[in-house]
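S.K.: The numbering of the sequence shown is my numbering, which starts it at 773 and goes up by one. By construction, the Cβ of each residue, glycine as well, lies at the ideal position given by its N, Cα and C atoms.
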Amino acid sequence: MSEVVETGLPCPAPTCGSSDAFARYDDGHGYCFSCKHYETAEGEAPSSAPKQPKDKSLVPFGHYQAIPARSLNEATCEKFGYFIAEDDRGQKVQVAPYRNKAGQIVGQKVRSAGKKFRTTGDFKDATLFGQHLWRDGGKRILVVEGEIDAMSAYQMLGNWPVVSIPNGAQSAAKAVKASLEFLESYDVVIFGFDMDEPGREAVDECVRLLTPGKAHVMELPVKDANEMLVDGRIKEFVSAFWEARLYRPDGIVNGLDLWDQLTTEIELGRPYPWASLNDVTYGERFGELVTWTSGSGMGKSTAVAEIGYARLLEGQNVGYVALEENVRRSAQRMVGLHLNKPIHLPGNEVSKDELRRAYEETLGTGRFFTFDHFGSIQSESILSKLRFLAVGCGCRTIILDHLSIIVSGMEDNDDERKTIDRLMTNLRSLVEETGVSMHLVSHLRRPSGDKGHEQGAEISLAHLRGSHSIVQLSDIVIGLERNQQSEEDEVRDVANFRVLKNRYSGITGLAGSVRYDRVTGRLVPYVPEELALDDDLGSDF
Ligand SMILES: Nc1ncnc2c1ncn2[C@@H]1O[C@H](COP(=O)(O)OP(=O)(O)OP(=O)(O)O)[C@@H](O)[C@H]1O
């Protein structure tokens, strides 16, 4: 195994640019801890001249002294055997001794001006820096990332055991492994590595080596222990030592850390275009998957288009993926809603100027994105398109109309239920990961009995077609009920919202009605006359 002979060198890789992450080893090879550039030993090609063995002799003892620039006093340096000497070139160097288990000095880390390090001696059996000072089996021990930090921490803590790993964060786990028995003999092992990315990564690696429940992690407001000492933040350092938290694997959260979450103001949902639905859902929140369902031709697409249009007017980027229609129809929808005219139907023509104005205010904003699928609908490609809409186009609301058409377009669709499960899981993850609001349209299977949904049959969750995962993985499920075959316009054109699932507030059941206005092509809130009358009476009192 080769040993580091010099660290803190500039990386030779032209693409890296690090001024100090490159290390040279005693066999001549070099490695950059920033860009991972590897360099073979210079002049490694066979040569007739025998290689000069490196001088590995230890630097003879000089003297102990305080290091004012580091706020370290002489007693601390003496305790750790950290001395000042002159090297063979007459330069002043600081020498950190490394000992084997028997306490004999086997290697040294020699630091010269300009944060240059080299090692000498043999580190094969070296223990942690400072390890020889402490008996096995104490209560708490602190492990830090460098000799100066170890001495700084010791000086601030009084007499608590502190040790340091020899070669920085990158080889921390290796050093901890080598001294595992010693560290394991303590009740609590606190890791106080540098508060930077490599330091945090190294802590993550090291804590896993110890018996669960033993490793603790110390957080500092600055980079390391020496900075705390130099800044005079000794009390804070001592508190951080005692407040070191038990290490928890990623994702496990202690309730103690949830105060900020608790005091963050409740995010108000953005209102739906229909007040009655807001009373039950409290609006629509980012990161929610809302599934819309109904019998055939009941108005699901019409409803979700209204939502997309509302978000577009609010200034959001909107992704509108309607797989049963072409992009021309999608464009007509948005512009038609803006003009209050179903412009896709004959007799609703508008002047080019009017059309242009409406276009400028909707599609022309550049915030509306749709998907020209040319009839080919492969779920994998749809998922990647949806991701692109969220991440690449910055869409915060995505309309996906509808699920069944994606499922039927999928290859490997022998088991429809499993296919839907997979797709729903992917959609759910996408929503979680990107934080978008997604409105998904899904169909119903026929209910048993004479009356179909198209004749106004009440919807239940069990009627959703395909798989229970649609319900399970949605935050909210909203059904649209109406009797399409009624003779009376007032009945035929009025759809009731039925909230079938509501993870947010738990309130389910009927959530008001909307009427389809055939002149404007809009879904407008609807209050039956008798209730409207009641309201009027109420307001008189
Ligand atoms: N409440 C309503 N009353 C009457 N007509 C409506 C109502 N809502 C929508 N419509 C009209 O009904 C037709 C079908 O609506 P839409 O496409 O929105 O239904 P859908 O439920 O999405 O249909 P599908 O089951 O085919 O996906 C459209 O022409 C639309 O304008």
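Counting beta carbon pairs with one atom in the region 892 to 904 and one in the region 778 to 798, are three or more of them shorter than 8 Å?
M.R.: In short, these stretches do not touch, since the Cβ pair count stays below three.
S.K.: Beta carbon of L1109, beta carbon of G1284: below 8 Å?
M.R.: No, the pair does not count as a contact, with Cβ atoms beyond the cut-off.
S.K.: What are the complete beta strand (DSSP E) segments, minimum 3 residues, inside the region 1219 to 1293?
M.R.: Taking only runs of at least 3 residues, the beta strand (DSSP E) segments lying wholly in the region 1219 to 1293 are 1248 to 1253, 1266 to 1274, 1281 to 1289.
S.K.: Out of curiosity, what's the CA-to-CA distance linking V1179 and A1130?
M.R.: C-alpha separation (whole angstroms): 35 Å.
S.K.: Rounded to a whole number of angstroms, what is the C-alpha to C-alpha distance between L1158 and D1144?
M.R.: The straight-line gap from Cα to Cα measures roughly 13 Å.
S.K.: If we count the other Cβ atoms within 10 Å of its Cβ and call it buried at 16 or more, is T1035 buried or exposed?
M.R.: Exposed, by the Cβ-count rule.
S.K.: Under the three-state reduction of DSSP, which class applies to A997: helix, strand or coil?
M.R.: In the structure shown, A997 sits in a helix (DSSP, three-state: H, G or I).
S.K.: Need the endpoints of the beta strand (DSSP E) that Q866 sits in, please.
M.R.: Per DSSP, Q866 belongs to the beta strand (DSSP E) from 864 to 871.
S.K.: With a threshold of 7 Å, establish whether the CB of Y1288 neighbours any heavy atom of ligand 1.
M.R.: For ligand 1, at least one heavy atom lies less than 7 Å from the Cβ of Y1288.
S.K.: From the DSSP output, which residues share a beta bridge with S1209?
M.R.: S1209 pairs with T1169.
S.K.: Quick check on DSSP: helix, strand or coil for C849?
M.R.: C849: helix per DSSP, three-state reduction.
S.K.: What does DSSP give as the partner residue(s) for W1064 in the beta ladder?
M.R.: According to DSSP, W1064 bridges with V1213, I1250.
S.K.: For H1110, does the three-state DSSP call read helix, strand or coil?
M.R.: DSSP places H1110 in helix when its eight states are reduced to three.
S.K.: Ligand 1 and H1215: does the residue's C-beta get closer than 7 Å to at least one heavy atom of that ligand?
M.R.: H1215: yes, Cβ under 7 Å from ligand 1.
S.K.: Going by Cα to Cα distance, which pick from G1027, I1079, D1032 is closest to A1047?
M.R.: It is I1079.
S.K.: For L1111, I'd like the list of residues in its chain whose CB is within less than 8 Å of its CB, leaving aside the five on either flank, ordered along the chain.
M.R.: Counting only Cβ-Cβ distances below 8 Å, and skipping sequence neighbours, we find V1122, E1126, L1127, A1130.
S.K.: With distances taken from CA atoms, which of S1220, P1045, A838, L914 is nearest A1012?
M.R.: That would be L914, whose Cα lies nearest to the Cα of A1012.
S.K.: Look up F901 in the DSSP assignment and give the residues it is bridged to.
M.R.: Note: F901 sits in a beta bridge opposite S936.
S.K.: Could you round the C-beta distance between E1226 and S1068 to whole angstroms and report it? I think they count as a contact, below 8 Å.
M.R.: That belief holds up - the Cβ atoms of E1226 and S1068 are roughly 6 Å apart, short of 8 Å.
S.K.: Apart from the five residues on each side of it in sequence, which residues of its chain come closer than 8 Å, Cβ to Cβ, to V865?
M.R.: These residues qualify, in order along the chain: V831, I856, A857, E858, D859, V882, R883, S884.
S.K.: Under a three-way DSSP split, which group does R1005 fall into?
M.R.: Coil at R1005, not helix or strand.
S.K.: Under 7 Å from any heavy atom of ligand 1, does the C-beta of L1111 make it?
M.R.: Checking every heavy atom of ligand 1 against the Cβ of L1111, none is found closer than 7 Å.
S.K.: Apart from the five residues just before and just after Y836, which ones in its own chain have a Cβ nearer than 8 Å to its Cβ?
M.R.: Result list for Y836: E846, C849, E850, Y854, F855, I856, in chain order.
S.K.: For G1091 and I1177, which I take to be in contact (beta-carbon distance under 8 Å), what is that distance rounded to the nearest angstrom?
M.R.: With a Cβ gap of about 17 Å, G1091 and I1177 do not count as contacting.
S.K.: Give a single yes or no on whether R1254 has its beta carbon closer than 7 Å to a heavy atom of ligand 1.
M.R.: Indeed, a heavy atom of ligand 1 lies less than 7 Å from the Cβ.
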